[in-house]
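Asker:
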Amino acid sequence: MNVVGKLLLLFRTLVSYFLALCVVLVIIAPLLAILIVLPPSYCHDNRLIAWMMDLFYRGIVGALLVPISIKGKEHMVDEPAIIIANHQSALDIPILGSVLQKRPHVWYAMSYYVQFPVIGFFIRRLGIPVDRGNGSTAARSLRTGVKFAQTHTSNILIFPEGGRYNDGTVHEFLVGFAFVARSTGRPVIPVFMPHNGKVYPPHSFWIHWHPLVVVIGPQFVYHEDDTDESFIQRVHRWFEHQARM
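Under the working numbering, the first residue of the sequence shown is numbered 5, with each subsequent residue one higher.
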């Protein structure tokens with residue numbers, strides 16, 4: 005990359021960070037106040053919180069200053085669902101959140117992030133922490149999601165790969181989303197995002213220009229003759245097909 009290209013990259017990166025900071029200051033501060041005041045039981049299925057989260061997601065996506073194309077919006081139905089996506093970048097969170105179109109939701113999130121003050125507070129109020137390194141606590145987190153689905157209508161969001169992979173392939177899926185689908189009867193809606201890692205790679209400071217694409221797939225329902233393995237394979241094949249296109 006020549007000097008002009010580097011200067012342009014620096015300029016767009018700094019502008020994107022500035023715009024994102026404005027979004028955080030304008031939206032996150034009042035949202036934190038609401039979450040502090042409201043009892044935890046009132047935070048889920050809350051349309052005001054979902055609306056403010058949608059503003060945050062869309063603001064962050066807009067701050068990237070890249071075009072984004074969303075295909076299959078008709079598959080994002082109003083009934084409670086389990087929404088899963090491949091995971092390449094930190095951008096996956098606001099981009100996936102933005103396609104929910106103000107629908108209440110709860111995230112499965114790595115328990116590692118709970119230790120950070122603001123992020124940890126959001127996870128405790130609007131998420132379900134998961135410790136992948138401990139089998140018993142991970143299973144307990146999955147059961148927490150099942151119990152949550154029995155009393156709430158919020159969508160459940162999961163990255164089934166269990167980590168970020170920016171090598172152009174869809175990695176093996178963990179069993180969690182299949183367990184929740186089997187236990188709750190909720191449909192699974194797959195979302196494929198192939199280029200997020202090109203705009204903002206893991207551990208990167210730079211924000212690159214590249215058109216983004218989001219593909220929302222049809223519902224997958226866990227049938228009586230399914231096993232967790234067969235269901236995972238069926239959903240994974242859809243992602244593999246999208247990756248080859």
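Beta carbons are placed, not taken as given, at the ideal position from N, Cα and C, and that holds for glycine.
So which of I53, V217, S187 has the shortest CA-CA distance to H227?
Answerer: Numbered from its first residue, the sequence shown carries residue 227 at position 223. Nearest option by C-alpha distance: S187.
Asker: Check whether the region 64 to 75 and the region 22 to 30 are in contact - that is, three or more C-beta pairs closer than 8 Å.
Answerer: Yes, since at least three Cβ pairs between the region 64 to 75 and the region 22 to 30 fall closer than 8 Å, the two stretches touch.
Asker: Flag this pair as yes or no: are the beta carbons of H79 and I236 separated by less than 8 Å?
Answerer: Along the sequence shown, read from residue 1 onward, the residue named residue 79 stands at position 75. Along the sequence shown, read from residue 1 onward, the residue named residue 236 stands at position 232. Cβ atoms of H79 and I236: not closer than 8 Å.
Asker: Report the residue from H207, W213, M249, L52 whose alpha carbon sits nearest the alpha carbon of A94.
Answerer: Translated into the one-based positions of the sequence shown, residue 94 becomes position 90. Ranking the options by Cα distance to A94, first place goes to H207.
Asker: Which residues share a DSSP beta bridge with I2?
Answerer: Any property of residue 2 remains undetermined from this structure, which presents the chain solely from 5 to 249.
Asker: Taking DSSP as the reference, what is the three-state secondary structure of I94?
Answerer: Working through the sequence shown from its first residue, we reach residue 94 at position 90. Inspection of the sequence shows that residue 94 is occupied by Ala rather than by Ile. In this structure, A94 counts as coil in the three-state DSSP scheme.
Asker: Can the beta-carbon of V217 be found less than 8 Å from the beta-carbon of H199?
Answerer: Taking the sequence shown and counting its residues from 1, one reaches residue 217 at position 213. Taking the sequence shown and counting its residues from 1, one reaches residue 199 at position 195. Taking 8 Å as the Cβ cut-off, V217 and H199 qualify as a contacting pair.
Asker: Are H240 and F177 close, meaning C-beta to C-beta below 8 Å?
Answerer: For this step, residue 240 is matched to residue 236 along the sequence shown. For this step, residue 177 is matched to residue 173 along the sequence shown. Taking 8 Å as the Cβ cut-off, H240 and F177 qualify as a contacting pair.
Asker: Rounded to whole angstroms, what's the CA-CA distance from G44 to Q223? Just pull it up for me.
Answerer: Reading the sequence shown from its first residue, position 40 is the one you call residue 44. Reading the sequence shown from its first residue, position 219 is the one you call residue 223. One point to set straight first is that residue 44 is Pro, not Gly, in the sequence displayed. Approximately 30 Å, taken between the alpha carbons.
Asker: Nearest-angstrom Cα distance between V192 and V225?
Answerer: Taking the sequence shown and counting its residues from 1, the one referred to as residue 192 is at position 188. Taking the sequence shown and counting its residues from 1, the one referred to as residue 225 is at position 221. The straight-line gap from Cα to Cα measures roughly 6 Å.
Asker: Since W210 and L13 should fall inside the 8 Å C-beta cutoff, what is the C-beta to C-beta distance between them, to a whole number of angstroms?
Answerer: Along the sequence shown, one-based indexing puts residue 210 at 206. Along the sequence shown, one-based indexing puts residue 13 at 9. Yes, they are in contact, since the Cβ atoms of W210 and L13 sit about 6 Å apart, within 8 Å.
Asker: Can you tell which of H212, R238, D232 has its C-alpha closest to the C-alpha of M5?
Answerer: For the purposes of this step, residue 5 is taken as the residue at position 1 of the sequence shown. Nearest option by C-alpha distance: H212.
Asker: Below 8 Å, how does it come out for the region 32 to 42 and the region 125 to 136: are there three or more Cβ pairs, yes or no?
Answerer: Judged by Cβ distances under 8 Å, the region 32 to 42 makes contact with the region 125 to 136, as three or more pairs qualify.
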